[in-house]
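Here the sequence shown is numbered in the working numbering, starting from 38 and rising by one per residue.
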Amino acid sequence: MMHHTQLSGLSGATLQIISDCGHAIVRKKSSSEQGNPRLHRQMEKQQAFSRLDGPIKTPEILNAGTTSEGIFYFDMKFVYGLDGHRFLEQGGPAEMRAFAAKLTDHLYRIDTLPCIGKTSAYASIYDSCIYKLIEVHRQNVGLSDELAGKILGGLERVRQMNIDTQGFCHGDFTLENMIIDSKGDLFFVDFLDSAFEHPIQDFIKLSQDIHGGWFQTRGRRISASYISYLERIMDFAVEKAAPEYAPARFILQSLNFCRILPYVRDEIQRKFVIDRITQFVNQTS
């Protein structure tokens with residue numbers, strides 16, 4: 038077995054492409070023993086999604102274990118394809134519409150899918166939001182007292198949603214975590230456990246790209262017409278699957294960008310994130 042490319046992400050785990058008898062495999066490994074339980078939950082979530090046997094796939098998990106240093110890992114098939122950012126950047130209108138149709142199908146039925154995550158320690162999505170805002174603000178990563186105060190005030194809209202029952206949630210539902218292979222099949226990757234499992238969490242994360250333009254920080258240049266098309270799809274899906282999300286969408290989007298602050302790579306990215314937080318806070322009326 039020969040090791041190849043080391044990949045990186047924000048989930049507290051490492052990704053490595055390895056070769057086994059000529060077949061490419063992705064190994065996802067915890068960064069520490071303390072992270073083992075979380076990575077194990079991520080594996081179980083991916084396995085549970087695959088058992089739903091829906092039109093969207095996820096890489097098959099082949100093996101799992103613990104290294105001699107006590108670090109948990111699991112191996113999965115490597116999917117040859119493009120992530121959503123690159124696919125939309127390079128694809129033509131027909132490819133984009135085919136991708137959007139698959140995404141639409143998922144979003145329209147997202148509220149009917151079973152909860153596949155762990156039981157949350159929080160009583161509601163509102164409680165989880167308050168905790169995350171406090172946690173990020175305490176880290177001194179660029180979130181001013183003024184912005185934090187505005188978000189805190191806006192979270193009253195989230196409290197009024199009164200969401201205290203968990204549901205389906207991918208956990209890190211961005212275009213970057215979607216893979217489209219040469220046949221046009223769509224795969225979801227990099228499942229994460231959320232502080233409170235609910236479909237609205239996925240709408241928020243997808244908005245990070247579609248309404249917040251996060252793909253720009255990855256160097257991607259996606260057609261404005263494609264983004265506009267995806268915005269309409271997402272708006273229709275929200276109206277159908279999560280109508281309670283609309284009144285709180287901007288404040289939730291601002292909080293989602295707050296979550297990114299501890300992981301920004303440079304001051305240019307930090308400014309982008311702060312600008313988006315400010316933009317969405319100011320859209321909350």
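Virtual Cβ for every residue (Gly too), placed ideally from N, Cα, C. Nothing here was measured: the structure is a model prediction, and the numbers come from that model.
Check                                                                                                         : Outcome
Coil, strand or helix - PHE309 by DSSP                                                                        : helix
Member of GLY121, GLU268 and ILE153 whose CA lies at the smallest distance from the CA of ARG88               : ILE153
Alpha-carbon to alpha-carbon, GLY59 and GLY179                                                                : 46 Å
Buried versus exposed call for THR202 [16 or more other C-beta atoms within 10 Å across all chains shown]     : exposed
Exposed unless 16 or more other CB atoms sit within 10 angstroms - verdict on PRO151                          : exposed
Environment of ASP90 [buried if 16+ CB atoms lie within 10 Å]                                                 : exposed
Beta bridge counterpart(s) of THR149 as assigned by DSSP                                                      : For THR149, which the question treats as bridged, DSSP gives no partner whatsoever.
For ASN319, the three-state DSSP class (helix, strand or coil)                                                : helix
The stretch 175 to 192 / the stretch 286 to 304 touching (three or more Cβ pairs under 8 Å)                   : yes
Outcome for ARG313 when other beta-carbon atoms lying within 10 angstroms are tallied against a minimum of 16 : buried
Exposure label - SER165; buried when at least 16 CB within 10 Å                                               : buried
Cβ pair GLY221, PHE136 closer than 9 Å                                                                        : yes
Straight-line Cα distance separating ILE93 from LYS139                                                        : 7 Å
Beta-carbon proximity of ILE335 to GLN83, cut-off 9 Å                                                         : Since the first residue shown for the chain is 38 and the last is 322, residue 335 is missing from the structure and cannot be characterised.
Proximity of GLU281 and ILE311 at Cβ, strictly below 9 Å                                                      : no
Coil, strand or helix - HIS77 by DSSP                                                                         : helix
First through last residue of the beta strand (DSSP E) which encompasses ASP90                                : First-last for ASP90: undefined, no H or E at that position.
Integer Cβ distance of ASP218 from TYR117, believed to fall under 8 Å                                         : 6 Å
For VAL275, the nearest candidate out of GLU81, HIS174 and ASP148 (CA to CA)                                  : ASP148
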